[in-house]
Amino acid sequence: MSSFCDDEYVRTRREISDDDAAALLAGRAVGDDLSDLEAFIAAARSATRGVVTPNAALTAIFANGLDIPPSPATARLTRPRRMKKVLETAVAKLAALGLATKFGIGTAVAATAVAGAGAGGALPAPVQNAVADVVAAVTPFEFPTTASENAAFGERVSTDATQGGVDGPTIAEEASQGRAGGDAADEARARGQAAKAAALQQAEAARAGGSGEGEGAANVPEQAPPGDVPRAETPEQADDGLQTGETAREPRPVSPPQPAPPAQTATSDESGSDGATGAGQQATDASGTGADAATAGAGNGDNARP
Amino acid sequence: MLNHAFPPVLAAAQTGAGWAFERLYRDLAPIITPYVRLRGAHDPEGLVNEVFLGVFKRLSSFSGDESSFRSWVFTIAHRRLIDERRRAAARPTTVGFGETDRIGGDVETEALDTVATQEVVRRFRGLSPGQRDVLLLRIVGGLTVDEIAQVVGKKPNAVKQLQRRGLEALRREISTEAVTL
């Protein structure tokens with residue numbers, strides 16, 4: 001029976017075209033021969049509607065919302081593209097500002113640039129001094145000035161002179177190159193040469209006095225330990241003084257008193273005086289070694305006894 | 307369908323507004339649920355809730371109109387169904403004697419308790435998987451041929467052929483049963 005019905009169905013049916021299918025699925029009538037199918041589709045459409053209960057997670061989202069992550073398109077931006085976007089945004093915002101605001105921002109940027117250069121001491125001398133004065137007046141900070149640089153120069157010369165390593169002509173040359181000023185450089189050069197001549201003269205006198213040990217001691221900084229300089233190993237050597245004196249003639253020359261650094265400001269004058277004093281003191285020590293050094297040589301010899 | 311209300315609701319949902327999520331859920335869940343149920347999902351409501359959780363978390367990446375949103379949600383649901391079917395195939399369930407009739411149809415018999423619904427389920431069960439997908443997406447989901455093609459990953463002509471053959475199969479079954487009865 002079933003096969004008979006199938007055969008009958010095959011003989012009487014007509015093919016469902018795409019248009020028929022579209023009309024059936026859209027709920028439109030397509031003909032009596034497809035009415036059963038049409039009724040079934042309508043029943044299926046109405047029967048499958050239902051109410052769904054959200055679970056706890058969805059209920060919480062409905063009540064509290066959800067933190068939506070940023071769009072992947074934005075998150076995938078590479079660092080340069082992000083920087084470009086930030087710059088474009090900044091430029092657009094700047095362009096949208098008023099004229100007065102732009103002027104204020106430009107002034108602030110210029111002031112910041114000048115202050116930064118001033119803090120580094122990179123401005124020309126007059127501008128540097130002016131900026132330093134302004135900064136010192138309105139802030140608790142102090143910017144370097146040409147005077148303070150000169151003071152630092154004088155302090156350095158003083159320190160070198162105290163430690164016995166100053167060369168007067170070199171300092172004068174440095175001063176004449178603009179760090180200290182022309183007049184002060186000339187004066188420093190003259191004073192340095194005079195002090196050097198005096199020191200050499202005194203050293204010759206001390207050597208003629210027969211105390212080579214004393215002359216050597218004069219060239220050695222005070223901080224240097226006795227063992228750094230050849231000493232009399234025995235009383236005979238100490239009394240003789242000749243051997244150590246010969247040794248003492250070899251070492252470095254007497255450092256002449258160093259000139260004062262430029263005298264543009266009170267600070268530089270003060271530091272320069274210190275330097276001159278240090279160098280001069282060394283020269284004085286060198287000149288005073290004539291008689292004292294002989295005693296010192298004997299003293300060193302005494303200390304050298306077992 | 308939200309129609310004109312859809313754009314503002316979508317925009318609000320993309321900012322994380324809870325009320326907008328609920329509007330979208332109330333609009334689409336009653337359609338998605340029968341689809342996954344008729345496709346033989348083990349836990350249709352649980353699957354639909356998982357689908358919407360995924361949809362809401364990825365909502366910021368979506369752009370389009372309401373029909374695009376609907377096909378997007380159906381695509382996610384369709385893929386979830388495929389994943390569930392693969393998991394079920396990898397871990398076959400042990401079934402006792404007498405429960406054979408419930409395999410693949412237990413959910414339907416539990417949830418769809420009307421005669422009409424049971425008849426619909428039974429008729430669709432006689433279709434091939436491809437025909438069932440296409441007809442359910444057309445009848446239950448209300449998607450167009452192009453949208454169905456996007457969901458199932460086939461060309462529109464193939465979708466048209468599947469729906470036509472599916473309708474022919476349904477017609478034949480209805481006619482045969484009517485003559486037999």
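Taken in sequence, the protein lines are chains A and B. End of the first sequence = 306 in my numbering, gap-free, step of one. End of the second sequence = 487 in my numbering, gap-free, step of one. All C-beta atoms in this analysis are idealised placements derived from N, C-alpha and C, irrespective of residue type, glycine included.
Partners in chain A for Glu474(B), counting only beta-carbon separations shorter than 7 Å: Ile16
Residue range of the alpha helix (DSSP H) that includes Pro314(B): Phe312 to Gln320
Proximity below 8 Å, CB of Arg429(B) to CB of Glu474(B): no
Listed by chain order, chain B residues near Arg45(A) by CB distance under 8 Å: Ile445 and Val446
N-terminal and C-terminal residue of the alpha helix (DSSP H) that Ser35(A) is part of: Ser35 to Ala47
CB contact flag (Leu441(B), Gln469(B), <8 Å): yes
Proximity winner among Arg191(A), Phe40(A), Asp32(A) and Ala122(A), relative to Val446(B) (alpha-carbon distances): Phe40(A)
Close beta carbons around Phe368(B), own chain, < 7 Å, minus the five adjacent residues each side: Phe375 and Trp378
Same chain, Cβ closer than 6 Å to Asp20(A), neighbours up to 5 away in sequence not counted: Val30
Local Cβ density within 10 Å of Arg345(B), reported as buried at 16 or more and exposed below that: buried
Sequence-distant residues of its chain with Cβ nearer than 7 Å to Ile454(B) (five each side left out): Val440, Leu443, Arg444 and Val465
Contacts of Gly31(A) in chain B (Cβ-Cβ under 8 Å): The premise fails here: Gly31(A) is roughly 12 Å from chain B at the closest Cβ pair, so nothing lies under 8 Å.
Proximity test, Arg471(B) beta-carbon vs the ligand HEM heavy atom, cut-off 7 Å: The ligand HEM is not part of this structure, which contains no ligands at all.
Within-8 Å CB hit, Glu390(B) to chain A: no
DSSP three-state assignment for Asn64(A), whether helix, strand or coil: helix
Spatial distance of Val426(B) from Val357(B) (CA atoms): 24 Å
Range of the contiguous alpha helix (DSSP H) that encloses Asp349(B): That residue, Asp349(B), is in no alpha helix (DSSP H); it is neither H nor E in DSSP.
Proximal residues to Gly360(B) (C-beta, below 7 Å), its chain only, five neighbours per side dropped: Ile382
Segment contact flag, the region 24-38 of chain A with the region 308-321 of chain B, C-beta cutoff 8 Å, min 3 pairs: no
Near-chain A residues of the region 308-329 of chain B - C-beta to any C-beta below 8 Å: Gln320, Thr321, Gly322, Ala323, Gly324, Trp325, Phe327 and Glu328
CA nearest to the CA of Leu449(B), picked from Glu372(B), Gln320(B) and Lys363(B): Glu372(B)
Cutoff 8 Å: Pro126(A) Cβ touching any chain B Cβ: no
Where the region 349-381 of chain B meets chain A: residues whose CB sits under 8 Å from a CB there: Glu351, Gly352, Val354, Asn355, Phe358, Leu359, Phe362, Lys363, Leu365, Ser366 and Ser367
Arg351(B) classed as buried or exposed, judged by whether at least 16 other C-beta atoms fall within 10 angstroms: Checking the sequence, you will find Glu at residue 351(B) rather than Arg. Under this definition Glu351(B) is a buried residue.
C-beta neighbour in chain A for Lys460(B), strict 8 Å: no
Chain-order list of residues whose beta-carbon lies under 7 Å from that of Phe327(B) (same chain, five-residue window excluded): Ala319 and Phe362
Endpoints, the alpha helix (DSSP H) within which Glu453(B) is located: Val451 to Val458
Which listed residue (Val134(A), Val131(A), Val51(A) and Arg14(A)) has its alpha carbon closest to that of Ala335(B): Val51(A)
With 16 other Cβ atoms within 10 Å as the buried cut-off, status of Arg393(B): exposed
Distance, Asp349(B) Cα to Tyr331(B) Cα: 18 Å
Exposure of Gln202(A), with buried meaning 16 or more beta-carbon neighbours within 10 Å: buried
Exposure of Ser481(B), with buried meaning 16 or more beta-carbon neighbours within 10 Å: buried
Thr137(A) versus Ala110(A) - alpha carbon distance: Before going further, note that residue 137(A) is Ala rather than Thr in the sequence given. C-alpha separation (whole angstroms): 19 Å.
Contacting residues, own chain, Cβ-Cβ under 7 Å from Ser366(B) (five flanking each side not counted): Gln320
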